[in-house]
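Everything in the sequence shown is counted per the working numbering, starting at 63 for the first residue and increasing by one.
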Amino acid sequence: MSKAKLNRCPWCGEDPLYQRYHDEEWGVPVRDHRLLFEMLCLEGQQAGLSWITVLRKRERYRQQFCNFEPAKIIMLSDSQLDKKLEDAGIIRHRLKIHAIRDNARAYFTLQENTDFADFLWDFVGGEPRLNRPKTMRSVPATTAESDAMSKALKKRGFRFVGSTICYAFMQATGMVNDHIQSCWRAPK
């Protein structure tokens with residue numbers, strides 16, 4: 063069966079970029095620090111918007127934010143961040159743009175005491191949760207785990223990490239697998 067005719071989760075629709083993201087990334091376990099940091103920041107950029115909006119701008123975000131290397135991001139000045147508000151290739155929201163640097167700073171503070179990936183994965187016991195929902199309606203927007211992750215990240219200085227954002231992050235990075243049962247990517 064060609065990828066174009068695969069049965070997918072309905073949220074990705076017919077957009078080829080969205081379908082590729084669904085097929086190749088969403089729900090795949092990620093333990094790489096840089097990619098986890100990138101996804102946490104990008105999920106925060108989504109706040110109040112659709113994920114496809116951020117997905118279409120992801121490459122520009124990578125260009126503007128040093129490929130999400132926290133060590134480079136913390137070196138960005140306020141004026142460099144404010145200059146990014148002129149770039150239509152990213153979401154031009156001052157608080158969200160500055161939050162990426164704040165998150166890089168929080169990342170390093172957290173890394174002084176614990177491993178970033180281990181810290182995040184501990185919220186699901188270190189292993190992906192395979193939820194096997196029947197429909198998208200049965201997929202929650204938040205869980206007790208995303209509530210706890212949100213609270214812990216905020217306590218450590220991360221921004222734009224509410225519980226809904228954290229749950230979307232957990233789905234995106236494979237901490238939870240919410241591919242519906244009829245989807246070809248659903249865990250068997």
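Cβ coordinates follow ideal geometry from the N, Cα and C atoms, glycine included. Please read these numbers as outputs of a predicted model, since none were measured by experiment.
DSSP places T171 in the uninterrupted alpha helix (DSSP H) bounded by 156 to 173. Taking each of R167, T226, K119, P91 in turn and checking the Cα distance to A206, the smallest one comes out for T226. Counting C-beta pairs closer than 8 Å gives fewer than three between the segment 164 to 177 and the segment 190 to 201, which falls short of the contact rule. Annotated three-state conformation of V238 is strand, per DSSP.
Ranked by how close their Cα comes to the Cα of T204, the residues M232, F220, G187 have M232 in first place. Separation of R124 and G110 (C-alpha to C-alpha, rounded to the nearest whole angstrom) is 21 Å.
Nearest in C-alpha terms to R122, of all of P249, N239, A150, is A150.
The continuous alpha helix (DSSP H) containing D209 extends over residues 206 to 217. With at least 16 other beta carbons inside 10 angstroms of its own, A161 counts as buried. Sequence-distant Cβ neighbours of R118 in its own chain, meaning closer than 7 Å and more than five residues away, are L79. Straight-line spacing of the CA atoms in R96 and S141 works out to 24 Å.
Between L215 and R221, the alpha-carbon positions lie close to 8 Å from each other. Pairing A234 with W88 gives a Cβ-Cβ distance under 7 Å. Rounded to whole angstroms, the separation of the alpha carbons of C74 and H84 is 7 Å. By the Cβ-count criterion, P91 is exposed, with fewer than 16 other Cβ atoms from all chains shown falling within 10 Å of its own Cβ. Under the 10 Å beta carbon count, P72 is surrounded by fewer than 16 other beta carbons and is classified as exposed. Taking C-beta separations shorter than 7 Å and ignoring five residues to either side along the sequence, the partners of F130 in its chain run R96, F99, E100, C103, R124, following chain order.
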